[in-house]
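In this note's numbering, the protein residues as written are 62 to 180.
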């Protein structure tokens, strides 16, 4: 499979900087998983809607059957300066990516990177 090429390669820097800000930025959606680590994670949170909500309605997970609640998504790689692991987490009907999927990814990355430090 060929590498992804951009007309302006510097865009990769912008993309990665944005992903770092998701985890380590002051207003990052997954900033809680960046606490207490000695490496940087680049990540992106997401939510996949399961059922349609009418335009004039507000999403309320408590009013939905669990199987109709949003899926939580998070993709990430770490450490940013020398990537050793990339993860993609989907938690079915888990809600928001930052509150449900990102902590799972952090646990996986911690376990993998700590194991490799011992080897």
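C-beta: ideal position from N, C-alpha, C; glycine also.
Three-way DSSP call (helix, strand, coil) for residue i in this model
| i | result |
| --- | --- |
| residue 149 | strand |
| residue 106 | strand |
| residue 134 | strand |
| residue 122 | helix |
| residue 176 | helix |
| residue 63 | coil |
| residue 70 | coil |
| residue 128 | helix |
| residue 81 | helix |
Beta-ladder partner(s) of residue i, from DSSP
| i | result |
| --- | --- |
| residue 139 | 146 |
Same chain, Cβ closer than 7 Å to residue i, neighbours up to 5 away in sequence not counted
| i | result |
| --- | --- |
| residue 156 | 122, 130, 131 and 133 |
| residue 83 | 89, 90, 91, 104, 105 and 106 |
| residue 120 | 114 |
| residue 13 | In the structure as shown, the chain starts at 62 and stops at 180, and residue 13 therefore has no counterpart that could be examined. |
Rounded separation between residue i and residue j - CA only
| i | j | result |
| --- | --- | --- |
| residue 161 | residue 170 | 15 Å |
| residue 99 | residue 141 | 11 Å |
| residue 109 | residue 175 | 31 Å |
| residue 143 | residue 68 | 24 Å |
| residue 96 | residue 146 | 19 Å |
| residue 63 | residue 70 | 15 Å |
| residue 116 | residue 152 | 25 Å |
| residue 65 | residue 139 | 19 Å |
| residue 168 | residue 79 | 22 Å |
8 Å CB neighbourhood of residue i in its chain, flanking five on each side removed
| i | result |
| --- | --- |
| residue 154 | 111, 127, 128, 129, 130, 131 and 132 |
| residue 164 | 93 and 94 |
| residue 77 | 103 and 141 |
| residue 85 | 92, 95, 101 and 102 |
| residue 118 | none |
Nonlocal neighbours in the same chain, by C-beta distance under 6 Å from residue i, ignoring five residues either side
| i | result |
| --- | --- |
| residue 166 | 135, 137, 148 and 150 |
CB contact check: residue i to chain B, cutoff 8 Å
| i | result |
| --- | --- |
| residue 118 | Reference to chain B is not applicable here, since this structure consists of a single protein chain. |
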